[in-house]
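Engineer:
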Amino acid sequence: MSLFGSQRSQESWRRYCCGLYYNVTVANQLEKLYLPQVELNAHATILSTTSRTTLTQTFVNPSDSKGIKEVRYTFPLYDGVSVVEFTCHVDDRTIVGEVKEKEKAKAVFKEAVARGETAGLFEQLPEASDVFTTTVGNIPPGAKVIIQITYLGELKHDLEVDGIRFTIPNIICPRYGKPPVILTNKSDLTAQGKGISITVDAEMAEGSFLQKVLSPSHPIAVSMGTTSLAPNSEPKMTKASATLSLGATTLDTDFVLQIVAKDTGVPKAILETHPTIPHQKALMATLVPKFALPPEKPELVFVCDRSGSMAGSRINLVVQALKIFLKSLPVGVKFNICSFGSGHSFLWPNSKTYSQETLDEAMRHAQSMDASLGGTEMFRPLKSTIEQRYKDIPLDVMLLTDGEIWDQQNLFDYLNKEVIETKSPIRVFTLGIGNGVSHSLIEGIARAGNGFSQVVGEGEKMNSKVVRMLKGALSPHINDYALEVKYSDKDEDYMGDEDDFEIVEKVADSLKVNLTVEDEEVKEKTQKKISLFDTSVDPDKEEPPAYDETGEARYAHLPKINVPNIIQAPQNIPTLFAFNRTTVYLLMGPSAPQKPPKSVVLRGTSAHGPLELEIPIQILETPGETIHQLAAKKATFELEQGRGWLSVAQDESGQSLKEKFPSRFEDMLEREAVRLGVEYQVGGRWCSFVAVEKHAAAQKEKEDYEWLDVAEESKGASTEARGGFFSFARNAPPPPPPAASPASSSLFGGASTAPGLPAAALAPPESIGGSNMSLGSASATPFGSAAQPTGSPLGASPFGATSAFGAAPNTGAKAARTDDELLQEVVGLQTFEGFWEWNAALFQAIGISEANAQKLLSGGLEKRAVATALAIAFLETKLQDLLESWELVVEKARAWLGEAADETVAKARSVL
Numbered sequence: 022m023s024l025f026g027s028q029r030s031q032e033s034w035r036r037y038c039c040g041l042y043y044n045v046t047v048a049n050q051l052e053k054l055y056l057p058q059v060e061l062n063a064h065a066t067i068l069s070t071t072s073r074t075t076l077t078q079t080f081v082n083p084s085d086s087k088g089i090k091e092v093r094y095t096f097p098l099y100d101g102v103s104v105v106e107f108t109c110h111v112d113d114r115t116i117v118g119e120v121k122e123k124e125k126a127k128a129v130f131k132e133a134v135a136r137g138e139t140a141g142l143f144e145q146l147p148e149a150s151d152v153f154t155t156t157v158g159n160i161p162p163g164a165k166v167i168i169q170i171t172y173l174g175e176l177k178h179d180l181e182v183d184g185i186r187f188t189i190p191n192i193i194c195p196r197y198g199k200p201p202v203i204l205t206n207k208s209d210l211t212a213q214g215k216g217i218s219i220t221v222d223a224e225m226a227e228g229s230f231l232q233k234v235l236s237p238s239h240p241i242a243v244s245m246g247t248t249s250l251a252p253n254s255e256p257k258m259t260k261a262s263a264t265l266s267l268g269a270t271t272l273d274t275d276f277v278l279q280i281v282a283k284d285t286g287v288p289k290a291i292l293e294t295h296p297t298i299p300h301q302k303a304l305m306a307t308l309v310p311k312f313a314l315p316p317e318k319p320e321l322v323f324v325c326d327r328s329g330s331m332a333g334s335r336i337n338l339v340v341q342a343l344k345i346f347l348k349s350l351p352v353g354v355k356f357n358i359c360s361f362g363s364g365h366s367f368l369w370p371n372s373k374t375y376s377q378e379t380l381d382e383a384m385r386h387a388q389s390m391d392a393s394l395g396g397t398e399m400f401r402p403l404k405s406t407i408e409q410r411y412k413d414i415p416l417d418v419m420l421l422t423d424g425e426i427w428d429q430q431n432l433f434d435y436l437n438k439e440v441i442e443t444k445s446p447i448r449v450f451t452l453g454i455g456n457g458v459s460h461s462l463i464e465g466i467a468r469a470g471n472g473f474s475q476v477v478g479e480g481e482k483m484n485s486k487v488v489r490m491l492k493g494a495l496s497p498h499i500n501d502y503a504l505e506v507k508y509s510d511k512d513e514d515y516m517g518d519e520d521d522f523e524i525v526e527k528v529a530d531s532l533k534v535n536l537t538v539e540d541e542e543v544k545e546k547t548q549k550k551i552s553l554f555d556t557s558v559d560p561d562k563e564e565p566p567a568y569d570e571t572g573e574a575r576y577a578h579l580p581k582i583n584v585p586n587i588i589q590a591p592q593n594i595p596t597l598f599a600f601n602r603t604t605v606y607l608l609m610g611p612s613a614p615q616k617p618p619k620s621v622v623l624r625g626t627s628a629h630g631p632l633e634l635e636i637p638i639q640i641l642e643t644p645g646e647t648i649h650q651l652a653a654k655k656a657t658f659e660l661e662q663g664r665g666w667l668s669v670a671q672d673e674s675g676q677s678l679k680e681k682f683p684s685r686f687e688d689m690l691e692r693e694a695v696r697l698g699v700e701y702q703v704g705g706r707w708c709s710f711v712a713v714e715k716h717a718a719a720q721k722e723k724e725d726y727e728w729l730d731v732a733e734e735s736k737g738a739s740t741e742a743r744g745g746f747f748s749f750a751r752n753a754p755p756p757p758p759p760a761a762s763p764a765s766s767s768l769f770g771g772a773s774t775a776p777g778l779p780a781a782a783l784a785p786p787e788s789i790g791g792s793n794m795s796l797g798s799a800s801a802t803p804f805g806s807a808a809q810p811t812g813s814p815l816g817a818s819p820f821g822a823t824s825a826f827g828a829a830p831n832t833g834a835k836a837a838r839t840d841d842e843l844l845q846e847v848v849g850l851q852t853f854e855g856f857w858e859w860n861a862a863l864f865q866a867i868g869i870s871e872a873n874a875q876k877l878l879s880g881g882l883e884k885r886a887v888a889t890a891l892a893i894a895f896l897e898t899k900l901q902d903l904l905e906s907w908e909l910v911v912e913k914a915r916a917w918l919g920e921a922a923d924e925t926v927a928k929a930r931s932v933l
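Residue numbering for the sequence shown follows the numbering used here, starting at 22 and increasing by one per position.
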């Protein structure tokens, strides 16, 4: 039987529940008991295209007489973020985390707990880079525990709104496969959360201005012109603040915020100087590319997840996306569909040429799709797709999945080998479906597959994303992008006006490294003869190990190598796609040129000519660590997945380090990731934060009080040994769950309604609707305020009190078809060649009578041409807002009409 059935029970939904818990043993079984939640909030600051988020969660020990030896807290963060601060407050004590090698951090934590000190450990699960665990030791009776985590992230470009997408993940969904032991303990459904308060402040660079702030996932209130930190300051078009409209709520889905602002995609290069490491700099170059090359005719394979976890709205989203993909394909491509669950199968043994016959067959196949194929075995279908491809044309794979698997690294390793290392013309794009998608999986597959990823939440629009992803798949395969840094031939403090020379350094040139294995010195030291019988030697005596502050001494046996002058992350610049943000970092060490850098140059080659972009560098006046930590995280993340600068580094003779040290190369990758993590204080798979008291205050003796989490078999049924607060959890059936729908495993372990409130009290009012607020054009008022939306009960200014806008209340009348439904209906009637047939279904869809359509036949036009012109005119005039969704469809139709397209469509507009 599949791990996922067609319906998810509350037990399976909450099996991997988040929240702060401790373990007790009852009747030889380990059980989780959750600490009651007191307060929690998330505050994020968005600066242009990066974010800094602080999560603060407060818990309390429910017992006034017993301490807790160890509590754990497991939760998700967005894939690829850089955790830079970890702080624990236990009553009046504050302990601040430091990054150390993972095993060293564990040892330091255990030693502190053994001494009776309060300590904290923050680590990433090795099975998934977006799931983290915090452990706090020695919680006194009645103590308040505050956990504070700060992380940095670069923001994705959302193809649907052509803006920035910010996400706070809130679910650890039940993923297919064997989960880590730490997540498999029996969950206690009595863990009740009080919700979360979310505030997001956004500030754009000078010269830009905010146009929209909206959330497709939750009802929000938006204040344009100011931030929560300075609500009374002078309003500016570059600032905004968004909060949950209800102030505090329990999230059962990811919180998603979309921000649309002017010029966020303009190329930028920013240089930062490190405040404490001498002569250390970091550079961030970011852009949303804007260029056009003739599309290719590749082989396209749509790999669709039809496992049990896709039941309900998710499989409907897959079918909808697949239909748009199929209808938008150009003539000349090869295509196929692969369905997978516990097993997998292809529509055809090999991809077929796109034709009316194959399109019809594929559309019928898509319409018949359901979520009945069991578990989620993703590796084999992708492997089969790559193995049976046509070798003479490029392959582009579109993976549609909810991303619920645990064994991710095996899949990443395979794609690294087949795509990155062999440089084969293969790309893998991922479209994450649903509210609980694993960001680490879909992002990791896209990175290893040299493509890009997007996410569609349940109920979220997706037509533009699908069309733009297809445009990316049809773009030429370019794999030789390279970065150069141009320096001025003047000292950094030079202020003269004379012309200067330029120094150009290619990043790739710094990847030939010197091995510093000190053979000669060792040889000199070992020239003295060593006696084979020395009475002064004690063979049983072991020298005490040298003190190791960070845990890096464990790598002392590995070959020593010099770090390159410049480390680039990602090492291989991925293919640049229009509408998809690309960010490249450079860590410029003390051995890099110390001249002031002027610009970075991005180069590539294509069959149509060379590609080049020069970006001037903005040098930040104030030293900082933000870009350094983002760069270090990107570099360590690549090393964790078997890529990065070490994978392409060579020695002086030109031999790759990977080939020179095959038995030690994995350890060398780990050592370099630990070096970066410790130096720049960022966590990862091989680095953890550990927080201990520097000068431990006087602690209570252990025997002063008992422990809630001590297993005493002699007290197997005693409520005293288990803590009075949770005694009912095992001596009596748990209280019934709220009447609301089953809750997911929330980031904050909450139920779907707050205690004491009916579900209806927390449900967003129907008038909130789409939860968005937008500014009008820049030519409106000085601050571009928009007109008040119809039906809004509030008449607030964009810079006044916070408010939420949406549609008018539902009156119960039968709703008219939405624009999205009309689009699906009209596009569904188009033929393979690009025209529409003359039939009643088309006239009904576009809202005209056949008699009116016949008026256009008098000019000698045939019925197919008139029908096609009417469909084009309808899309271009009535559904203009959905242009990104029908753009390729209309392009194909106009090509079918030929030179008379403009004239014929103009006549068609007259009868609409």
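Just so it is clear, CB atoms sit at the ideal spot from N, CA and C, and this is done for glycine as well. It should be emphasised that the depicted structure is a prediction, and the values quoted were computed from it without experimental measurement.
1) With respect to the alpha helix (DSSP H) encompassing Ala652, which residues constitute its N-terminal and C-terminal limits?
2) Using DSSP with H/G/I as helix, E/B as strand and the rest coil, what is Asp381?
3) Short check: CB of Val16 to CB of Val605, under 8 Å?
4) Cβ atoms of Asp841 and Asp902: under 8 Å apart, would you say?
5) Measuring CA to CA, which of Asp559, Asp434 and Ala342 is closest to Leu421?
6) Tell me Thr626's beta-bridge partners as DSSP assigns them.
7) Taking the alpha-carbon positions, what's the Glu144 to Pro585 distance?
8) In terms of residues, what are the limits of the beta strand (DSSP E) holding Ser963?
9) For Ala128, which option in Gly158, Thr115 and Val476 has the closest C-alpha, if you only look at C-alpha atoms?
10) Pull up the DSSP beta-bridge partners for His178, would you.
11) Exposed or buried, Gly480, counting other C-beta atoms within 10 Å across all chains shown (16 or more means buried)?
12) List the DSSP bridge partners of Trp1000.
13) Short of 8 Å in beta carbon distance, which residues of its chain neighbour Gln650, apart from the five on each side in sequence? Order them along the chain.
14) Quick check on Ala916: buried or exposed, where buried means 16 or more other Cβ atoms within 10 Å of its Cβ?
15) Which of helix, strand or coil does DSSP assign to His386?
16) Assuming His64 contacts Thr220 under a Cβ cut-off of 8 Å, what Cβ separation, rounded to an integer in Å, is found between them?
17) Give the straight-line distance between the Cα atoms of Gly82 and Phe96, rounded to the nearest whole angstrom.
18) Measuring alpha carbon to alpha carbon, tell me which of Ser236, Thr285, Glu181 and Lys616 ends up nearest Glu224.
19) Grab the span of the beta strand (DSSP E) containing Met258 for me, first residue to last.
20) To the nearest angstrom, how far is the alpha carbon of Val487 from that of Phe400?
21) Just to confirm the assignment, what range does the beta strand (DSSP E) spanning Met245 have?
22) By the 10 Å Cβ neighbour count, where 16 or more other Cβ atoms means buried, how is Gly868 classified, buried or exposed?
23) Apart from the five residues just before and just after Leu843, which ones in its own chain have a Cβ nearer than 7 Å to its Cβ?
24) To the nearest whole angstrom, what separates the beta carbons of Leu98 and Phe187, a pair I think is in contact under 8 Å?
25) Where are the alpha helix (DSSP H) runs, 4 residues long or more, that stay fully inside the region 418-506, in chain order?
26) Taking the straight line between their C-alpha atoms, what separation do you get for Leu634 and Leu623?
27) Inspect the beta-carbon positions of Glu119 and Phe600 and report whether they are closer than 8 Å.
28) Determine the burial state of Ser735: buried for a count of at least 16 other Cβ atoms within 10 Å of its Cβ, exposed for fewer.
29) Between the alpha carbons of Leu235 and Ile241, how many angstroms are there, rounded?
30) Cα separation between Thr108 and Lys87?
31) Classify Asp381 as buried or exposed, calling it buried when 16 or more other Cβ atoms lie within 10 Å of its own Cβ.
32) Please list, in chain order, all residues of the same chain as Glu175 whose beta carbon is under 7 Å from its beta carbon, the five residues on each side excluded.
33) Starting from the N-terminal side, write out each stretch of the beta strand (DSSP E) that is 3 residues or longer and does not extend beyond the region 312-397.
34) Among all the DSSP beta bridges, which residues are the ones paired with Gly158?
35) At which residues does the beta strand (DSSP E) containing Gln875 begin and terminate?
36) Is Thr155 near Tyr55, with beta carbons less than 8 Å apart?
Structural biologist: With the structure as the only source:
1) Thr647 to Glu661
2) helix
3) The chain is shown only over 22 to 933; residue 16 falls outside these bounds and no answer can be derived.
4) no
5) Ala342
6) Pro631
7) 28 Å
8) This structure cannot settle anything about residue 963, because the visible part of the chain is limited to 22 through 933.
9) Gly158
10) Ile185
11) exposed
12) The requested residue 1000 does not occur in the structure, where the chain is confined to residues 22 to 933.
13) Ser103, Val105, Leu173, Tyr701, Gln702 and Val703
14) exposed
15) helix
16) 5 Å
17) Correcting the residue identity first, residue 82 is Asn in this sequence and not Gly. The straight-line gap from Cα to Cα measures roughly 20 Å.
18) Thr285
19) Counting along the chain, Met258 falls outside any beta strand (DSSP E), and DSSP gives it neither H nor E.
20) 23 Å
21) Ile241 to Met245
22) exposed
23) Ala866 and Leu900
24) In fact, because the Cβ distance is near 13 Å, the residues do not count as touching under 8 Å.
25) 430-436, 460-469 and 484-495
26) 5 Å
27) no
28) Reliability fails at Ser735, whose pLDDT of 36 lies under 50, so the model's placement of it is uncertain and the value that follows must be treated cautiously. When all chains shown are included, Ser735 counts as exposed.
29) 8 Å
30) 24 Å
31) exposed
32) Thr70, Thr71, Thr604 and Leu651
33) 320-326, 355-361 and 365-367
34) Glu91 and Ala140
35) Gln875 -> not in any beta strand (DSSP E); alpha helix (DSSP H) instead, spanning Glu871 to Gln875.
36) no
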